[in-house]
Amino acid sequence: MIRGIHHIGIHTPDLDRLRSFYERAFGFEVVGEEFNLTDFAVASLVVGLPNAAARVVMMRAHNCFIELFQWSSPAGTTLAPLKANDFGYTHFMVDVTDIDAEYERLAELGMTFVHPSAVRFGNNASVYGKDPDGNIIELGQIPAGDSLHLDFGD
26 MIRGIHHIGI
36 HTPDLDRLRS
46 FYERAFGFEV
56 VGEEFNLTDF
66 AVASLVVGLP
76 NAAARVVMMR
86 AHNCFIELFQ
96 WSSPAGTTLA
106 PLKANDFGYT
116 HFMVDVTDID
126 AEYERLAELG
136 MTFVHPSAVR
146 FGNNASVYGK
156 DPDGNIIELG
166 QIPAGDSLHL
176 DFGD
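When you read off a place in the sequence shown, starting at 1, and then add 25, the result is the number in the numbering used here.
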């Protein structure tokens with residue numbers, strides 16, 4: 026069962042500047058501590074990029090999260106400022122209760138994934154995939170009790 030969108034990932038060349046902006050502009054607050062993808066052996070498997078290295082911070086406001094990334098490896102592509110009709114955010118996460126069933130169902134609908142199965146780390150599981158246009162969608166399973174769990178009253 027799909028539970029809803031969990032977070033939007035935003036990649037930036039200056040994490041400190043963007044973090045401050047979202048705190049001040051929208052009241053987002055940091056959840057947990059900043060971390061680096063190099064601290065997680067499975068990070069490259071989840072995102073489908075070799076030698077994944079990025080500063081990351083998760084922030085929450087009301088009923089949504091944003092995840093800010095400042096990549097150091099592999100290097101990304103610099104884009105001009107986006108217009109309303111340009112492609113924008115790099116991914117969104119769909120919160121699921123059974124990641125394996127959703128992986129299979131979505132694969133049957135044509136979604137392709139960067140890893141042959143969901144990647145488990147602790148009680149959580151995650152994997153990136155692409156829609157038919159190549160937009161990145163993350164499937165994530167975060168159990169109740171975890172600080173990143175979205176409580177929909179279920």
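Cβ atoms here follow ideal geometry from the backbone N, Cα and C, with glycine treated the same way.
State the Cα-Cα distance for the pair residue i and residue j, rounded to the nearest angstrom.
i       : j       : result
Ser-151 : Asp-176 : 18 Å
Gln-95  : Asp-64  : 15 Å
Ser-69  : Val-144 : 10 Å
Gly-34  : His-116 : 5 Å
Thr-37  : Asn-61  : 14 Å
Val-67  : Asn-76  : 10 Å
Val-82  : Gly-101 : 18 Å
Phe-46  : Asn-110 : 23 Å
Thr-103 : Gly-29  : 30 Å
His-174 : Asp-125 : 18 Å
Val-121 : Pro-168 : 10 Å
Val-20  : Arg-49  : Summary: the structure shown does not reach residue 20, with the chain confined to residues 26 through 179, and so no result is reported for it.
Leu-131 : Gly-73  : 18 Å
Which two residues bound the contiguous alpha helix (DSSP H) that contains residue i?
i      : result
Ala-50 : 40-51
Ser-69 : 68-72
Indicate whether at least one CB of chain B lies closer than 8 Å to the CB of residue i.
i       : result
Gly-147 : Looking at the structure shown, chain B is missing, and only one protein chain is on hand.
Name the one or two DSSP bridge partners that residue i has.
i       : result
Met-255 : Absent from the model: residue 255. The displayed extent of the chain is 26 to 179, so no value can be given.
Ala-150 : Arg-145 and Gln-166
Leu-93  : Ile-35 and Val-82
Ser-98  : Ala-78
Gly-29  : Asp-120
So residue i is in the beta strand (DSSP E); what residue range does that whole segment cover?
i       : result
Ala-78  : 78-86
Asn-61  : 54-61
Asp-120 : 116-121
Out of the options, which one is the CA nearest neighbour of residue i?
i       : options                               : result
Phe-138 : Leu-164, Glu-129 and Gly-154          : Gly-154
Gly-170 : Asn-148, Phe-51 and His-32            : Asn-148
Ile-91  : Arg-44, Ser-142 and Ser-98            : Arg-44
Asp-123 : Pro-157, Phe-146, Gly-135 and Gly-165 : Gly-165
Asp-41  : His-32, Leu-74, Ser-172 and Met-84    : Met-84
Phe-53  : Leu-93, Glu-163, Met-26 and Gly-73    : Leu-93
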